[in-house]
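**Student:** Residue numbers (our numbering): 34 to 568.
(1) Please classify residue 265 as buried or exposed, where buried requires at least 16 other C-beta atoms within 10 Å of its C-beta.
(2) CB-CB under 6 Å to residue 93, same chain, minus the five flanking residues each way: which ones, in chain order?
(3) Taking the runs of the alpha helix (DSSP H) that are 4 residues or longer, which of them lie wholly in the stretch 237 to 314?
(4) Smallest Cα separation from residue 199: which of 452, 278, 228?
(5) Could you check what DSSP says for residue 39 in three-state terms: helix, strand or coil?
(6) Does the distance from the C-beta atom of residue 532 to that of residue 484 stay below 9 Å?
(7) So who's on the other strand from residue 5, going by DSSP bridges?
(8) Run through DSSP, which three-state label would residue 530 get?
(9) Might you give, ordered along the chain, the residues of its own chain that have their beta carbon closer than 6 Å to the beta carbon of residue 486, omitting 5 neighbours on each side?
(10) Below 8 Å on the Cβ atoms is my contact criterion, and I expect residue 398 with residue 319 to pass it. Report the Cβ-Cβ distance as a whole number of Å.
(11) Any chance you could list the alpha helix (DSSP H) runs of at least 4 consecutive residues sitting entirely within the stretch 167 to 214, in chain order?
(12) For residue 197, I'd like the list of residues in its chain whose CB is within less than 8 Å of its CB, leaving aside the five on either flank, ordered along the chain.
(13) Can you say whether residue 203 is buried or exposed, counting buried as having 16 or more other CB atoms within 10 angstroms of its CB?
(14) With DSSP run on the structure shown, which of helix, strand or coil describes residue 557?
(15) Which of helix, strand or coil does DSSP assign to residue 552?
(16) Have a look at 562, 391, 221 and flag the residue whose alpha-carbon is nearest the alpha-carbon of residue 176.
(17) Would you mind working out which of 481, 389, 51 sits nearest residue 189, comparing C-alpha positions?
(18) How is residue 86 classed by DSSP in three states: helix, strand or coil?
(19) How about residue 360 and residue 415: do their beta carbons lie closer than 9 Å?
(20) Give me the Cα-Cα distance between residue 552 and residue 448, rounded to the nearest whole angstrom.
(21) For a test of the three-state rule: what should DSSP assign to residue 535, helix, strand or coil?
(22) Taking only three categories from DSSP, how would you classify residue 369?
(23) Helix, strand or coil: how does DSSP classify residue 452 here?
(24) Can you tell which of 207, 548, 513 has the C-alpha that lies nearest to the C-alpha of residue 528?
(25) Pull up the DSSP beta-bridge partners for residue 104, would you.
(26) With a 10 Å radius around its C-beta and 16 neighbouring C-beta atoms as the bar for buried, classify residue 48 as buried or exposed.
(27) Which residues in the same chain as residue 113 place their Cβ atom closer than 6 Å to its Cβ, once the five residues preceding and following it in sequence are excluded?
(28) Have a look at residue 428 and residue 181 and give me their C-alpha separation to the nearest angstrom.
(29) Between residue 131 and residue 466, is the Cβ-Cβ spacing less than 9 Å?
(30) Using 8 Å for Cβ pairs, my map puts residue 341 next to residue 463. What's the rounded Cβ distance?
(31) Thinking C-alpha only, which one of 107, 140, 69 is nearest residue 153?
(32) To the nearest angstrom, how far is the alpha carbon of residue 488 from that of residue 301?
(33) Can we count residue 201 as close to the ligand GTP, meaning its CB is less than 8 Å from some heavy atom?
(34) Return yes when the Cβ of residue 194 is within less than 9 Å of the Cβ of residue 64, no when it is not.
(35) Taking C-alpha atoms, which residue in 214, 157, 142, 133 lies nearest to residue 173?
(36) Since residue 477 and residue 358 are thought to touch, with beta carbons under 8 Å apart, how far apart are those beta carbons, to the nearest angstrom?
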């Protein structure tokens, strides 16, 4: 049975708003495509290339980390497309070594690489496509939810210049695709509730299944949708009894279909649960509460402003706090002014996934709730709320304080524009995480005389060494060992080179190397030490 809806207050699609949205879309397109290969191709993107080309980490260790010197070309070979490896090898390799990342993005990426090659530009351009598709899906969702072109254009304009979404539209990972699928599945849910026919529910189930095959946290979106259905006619109370309605039954039934379609990947999640636990163990490590609060504030400000500041920079908070206040006010304003079916949708999309992440951190410890890419549903919900707020304050008939809110809107667009200008010229950014300092390390090595880098395969080293190889000159060579095999190196094994460096080894191993070789190490960069040429 179709869900009845009350219309929101009418808003005018003025030429001024249309022009602003078109300019924002134009710059959004430019920022998503300009300097796409300038930022460091980091650790996680390295593994994207390996997974799309069906190359295994174990192969890298077996062939390269054997106590011999290798070139950057040998490291790069594990980033190259190998047509002899089929989809079956891609699926089994990914399922065994990294089951936390379902295969849909990588399957699409394999066909993309076959067509366009495996360069950094080609790899990242797939994310650009999904980043642009996000804007299309956002407009569609806004029309389903608000039935207002004015609100839709305001929201899409904000998304187009959102520093966060521009950043991930230029990263060879699945997160821009996930954001687009969140918007698409949400629009399909509203359409299915409105029309109440099984083909629309089937499309909704298909979108949720596609989301699960893209990123596991689509399950949080599905739960948020379930809460929304519950609050909007999913159950009824008659004759002193609670009854589930046709809409509620349809949601549950088709959600079950979506989960059943995901069953093949559940096999890998269950069988390789130890691998899953090990690769996500960092998210269960607790941090002090004040760090969690500062990181959360920084995350939620980045959807509107991002200058790669860290949470200790005082200047950040002069801009960050007003943006956070605006986001909270947007949710409150929507609760007070929007129809029930509108505000409950935005609130559930924003708050339900957030609470599911925050509560385990508070109860059991962990840092899930400060990982920006896990918060994408909440970020998108806030964009919907801010788009609604600004449009109603500026373009709604009878709106008060119009000039003040026009200034707010222009300030937000300008902050997004300026953030993207700065970001587009940078070699690295906060989202590069454990590879943030790779460009600086590469410069140090490139300035050295016939440098050799000694390292092993422990922890993040495989990904970071390959990331480093994208930036080093051809004369930089790598002396690679299996984990802990490096501590047994003898002076006779030491290469004849004027500049020898040690990269990303723990203190215990570095101390052992200094004892074995009788050569002190001097720190010259992030996780980079230079070996003294004298005893």
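Where is the CB? At the ideal position from N, CA and C, for every residue including glycine. This structure is a prediction, so every number in the text was calculated from the model and none was measured.
**Tutor:** On the basis of the coordinates in this document:
(1) buried
(2) 111, 495
(3) 251 to 262, 279 to 294, 296 to 304, 306 to 312
(4) 452
(5) In this predicted model, residue 39 has a pLDDT of only 49, less than 50, meaning its place in the structure is not dependable; the value taken from the coordinates is given anyway. Coil at residue 39, not helix or strand.
(6) yes
(7) Nothing about residue 5 can be read from this structure; the chain reaches only from 34 to 568.
(8) coil
(9) 511, 534, 536
(10) 4 Å
(11) 182 to 193, 196 to 201
(12) 335, 336, 339, 405, 412
(13) buried
(14) strand
(15) coil
(16) 221
(17) 51
(18) coil
(19) yes
(20) 51 Å
(21) strand
(22) helix
(23) helix
(24) 513
(25) 510
(26) exposed
(27) 151
(28) 11 Å
(29) no
(30) 5 Å
(31) 69
(32) 32 Å
(33) Absence of the ligand GTP from the depicted structure is noted, as is the absence of any ligand whatsoever, leaving it without description.
(34) yes
(35) 214
(36) At roughly 43 Å, the Cβ-Cβ gap does not stay under 8 Å, so residue 477 and residue 358 are not in contact.
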